[in-house]
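Under my numbering, the first residue of the sequence shown is numbered 42, with each subsequent residue one higher.
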Amino acid sequence: MSTQGGTPLLAARDLYKSYGRNEALRGASVELGEGEILALTGASGSGKSTLLHCLAGIVQPDDGAVVYDRRRVDRMTEDQRSELRRTEFGVVFQFAQLIPELTVLDNVSLPLLLAGTDRESARATASEWLERFGALGQALARPGQLSGGQAQRAALARSLATGARIVFADEPTGALDSLAAEQTMTALVHAVRESGTAVVLVTHDAQVAAYADREVQLKDGKAVEAGLGALPAQERA
Ligand code: ADP
Ligand code: MG
42 MSTQGGTPLL AARDLYKSYG RNEALRGASV ELGEGEILAL TGASGSGKST LLHCLAGIVQ
102 PDDGAVVYDR RRVDRMTEDQ RSELRRTEFG VVFQFAQLIP ELTVLDNVSL PLLLAGTDRE
162 SARATASEWL ERFGALGQAL ARPGQLSGGQ AQRAALARSL ATGARIVFAD EPTGALDSLA
222 AEQTMTALVH AVRESGTAVV LVTHDAQVAA YADREVQLKD GKAVEAGLGA LPAQERA
């Protein structure tokens with residue numbers, strides 16, 4: 042078990058989420074331990090992004106509970122969830138979504154400035170994170186001048202710079218070639234091992250999932266521990 046019997050850092054229990062008649066989640070449960078890298082895998086449309094969005098407080102589940110650090114994320118107001126994403130959670134998507142008008146350094150500094158850090162310390166911290174992700178050389182470039190891999194590494198630096206305890210990454214290497222994907226994952230794993238940050242990593246790529254400590258597969262709106270996937274269904278019950 043990921044959590045050695047202790048309280049998980051984040052847990053989803055029996056989540057349901059429908060879009061109209063489309064039941065994206067049908068009783069999905071998953072746990073994340075402190076500092077753990079968890080891969081959520083599964084076919085396209087299996088509910089990976091929906092689960093990640095519910096875990097990160099971006100989307101409210103219709104039913105079930107999301108518990109982070111003894112707090113019910115699913116019962117928080119929109120403002121409380123936004124606050125959580127500004128401070129304790131970091132989020133990264135398939136395309137880096139850096140602000141094109143700002144330099145890379147200013148992009149990474151921005152969440153720190155929003156959290157009340159003064160400009161000089163924000164830049165110093167942002168530089169350290171860019172360095173950890175091998176992207177300090179692009180600090181003064183605009184996002185449009187970066188390769189896909191450089192942009193994703195900058196986005197990951199931005200998601201971690203505020204001292205997030207969990208980073209939620211939805212197909213962060215989905216638009217990268219395999220070499221850039223490998224560099225990005227290596228940098229991410231190295232950085233979070235050092236900071237003790239936990240990661241929820243959505244991917245449909247087995248090579249990317251291999252970087253995780255544990256893999257959970259989404260199937261029919263439910264989450265199944267990947268190690269158990271090989272067993273016949275009746276032995277899993
Ligand atoms: P995955 O990330 O595994 O590809 P998603 O969680 O994005 O899967 O989607 C699960 C199901 O929910 C799919 O059938 C998808 O079409 C549907 N879905 C997801 N988001 C929305 C939305 N905002 N509106 C309507 N349907 C959605
Ligand atoms: Mg998705």
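All residues carry an ideal CB built from backbone N, CA and C; glycine is no exception.
query: Sorted by chain position, which residues of the same chain lie with C-beta nearer than 7 Å to P152's C-beta, five sequence neighbours on each side aside?
result: Answer for P152: R127, R199, A202 and T203, listed in chain order.
- request: Starting from L151, follow the alpha helix (DSSP H) in both directions and report where the run begins and ends.
  value: For L151, the enclosing alpha helix (DSSP H) has its first and last residue at V145 to L155.
field: Nearest neighbour of R255, chosen from A80, R54, P49 and G68 [CA to CA]
entry: Of the listed residues, the one whose Cα sits closest to R255 is A80.
field: S236 - DSSP class collapsed to helix/strand/coil
entry: S236: helix per DSSP, three-state reduction.
query: Under the criterion of a Cβ to heavy atom distance below 7 Å, does K11 qualify as lining the ligand MG?
result: Since the first residue shown for the chain is 42 and the last is 278, residue 11 is missing from the structure and cannot be characterised.
- request: Flag this pair as yes or no: are the beta carbons of R194 and T225 separated by less than 8 Å?
  value: Contact flag set, yes.
field: Same chain, Cβ closer than 6 Å to D104, neighbours up to 5 away in sequence not counted
entry: Cβ-Cβ distances below 6 Å link D104 to Y57 in the same chain, with the five nearest sequence neighbours on each side left out; the list follows chain order.
task: Pick out whichever of R173, A53 and Q191 has its Cα sitting closest to the Cα of Q179.
output: With distances taken between Cα atoms, Q179 lies closest to Q191.
- request: Check the C-beta distance from D55 over to G68 and give it rounded, since I have them as a contact under 8 Å.
  value: The Cβ separation is near 5 Å, so the contact holds.
message: For Q258 and E72, I'd like the C-alpha separation in whole angstroms.
response: Roughly 13 Å between the two C-alpha positions.
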